[in-house]
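The structure under discussion appears below in the form of structure tokens.
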Ligand SMILES: [Zn+2]
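Residue numbers (our numbering): 381 to 607.
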């Protein structure tokens, strides 16, 4: 033991004790609990299609087949997938279609997907596709070249009106959500989306999830409000 107290070891010892104290003060990182805990869901690349586009890809009269329901009421992952082709002729296969059909086509990709496909993806809220990136979609019965529709989805928090009221949030608010953990991050500019079919869930894409060390699901905490 006496060796530990030699002058050359004192710095090391001080650092060690300081680390122990910091660990003690911080406690073991754990998911925040209580009313302000927010379920985090990771959105993998996917697309929303019109019935017309879907029929061009899968054939007239074909319907979407339910694979699993999603957290947002009425939304579901379909068994059907598509292949996306970028302007550099690279492709991504097995891209899930989410139902039900929508009034516009929208392909949601991560920036990493965009690099791979050779595309500049605009950062948009779901539904805001005017002037977004063109992309080619391939199905078993045909292909469609969309003039616009490919976006990187802006991170957002879904909530029902009741949940929003409890959390003191309003539709369109921008808040910050912290993800704890060894590579924890604080996501700024999370857009609050309140709707009757909404269920409390913070949606991030796979790039964001990787940055925060989240696989499919996690827990976050609201750390800043801004109306
Ligand atoms: Zn969402």
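Every residue, glycine too, gets a C-beta built ideally from N, C-alpha and C.
Proximity of residue i and residue j at Cβ, strictly below 7 Å
i           : j           : result
residue 534 : residue 497 : no
residue 501 : residue 513 : yes
residue 446 : residue 477 : no
residue 571 : residue 538 : no
residue 479 : residue 444 : yes
residue 581 : residue 421 : yes
residue 431 : residue 481 : yes
residue 561 : residue 593 : yes
residue 632 : residue 587 : Because the chain is modelled from 381 through 607, residue 632 falls outside the range shown and cannot be assessed.
residue 493 : residue 448 : no
residue 416 : residue 602 : yes
Own chain residues within Cβ distance below 6 Å of residue i, not counting five before or after
i           : result
residue 595 : none
residue 499 : 466 and 513
residue 540 : 578
residue 569 : 554
residue 411 : Residue placement at residue 411 cannot be trusted, given a pLDDT of 38 that sits under 50; the coordinates are not used to answer.
residue 524 : 433, 436 and 517
Sequence-distant residues of its chain with Cβ nearer than 7 Å to residue i (five each side left out)
i           : result
residue 438 : 460, 519, 520 and 521
residue 401 : none
residue 471 : 463, 464 and 465
Proximity test, residue i beta-carbon vs ligand 1 heavy atom, cut-off 6 Å
i           : result
residue 426 : no
Neighbourhood of residue i by C-beta, 8 Å cutoff - its chain only, sequence neighbours within 5 removed
i           : result
residue 550 : 544, 572, 574 and 607
residue 382 : Note that residue 382 scores a pLDDT of 45, beneath 50, so its modelled location is shaky; the value from the coordinates is reported in the next line. Once the five neighbours on either side are set aside, residue 382 has no close Cβ partner at all.
residue 509 : 484, 485, 486, 528, 529 and 531
residue 418 : 537, 557, 580, 581, 582, 599, 600, 601 and 602
residue 511 : 502 and 528
Q: Specify whether the region 517-532 and the region 555-568 touch according to this definition: at least 3 beta carbon pairs, one from each stretch, less than 8 Å apart.
A: Contact between the region 517-532 and the region 555-568 is absent, with fewer than three C-beta pairs closer than 8 Å.
Q. At a cut of 8 Å, does the region 450-460 reach the region 486-496 through at least three beta carbon pairs?
A. no
Q: May I have a chain-ordered list of the beta strand (DSSP E) segments no shorter than 3 residues that lie completely inside the region 530-571?
A: Those beta strand (DSSP E) runs which fall completely within the region 530-571 and span 3+ residues are 536-539 and 554-559.
(Q) Report the start-end ranges of each beta strand (DSSP E) in the region 453-532 that is 3 residues or longer and not cut off at the edges. (A) 456-465, 471-479, 486-488 and 513-518
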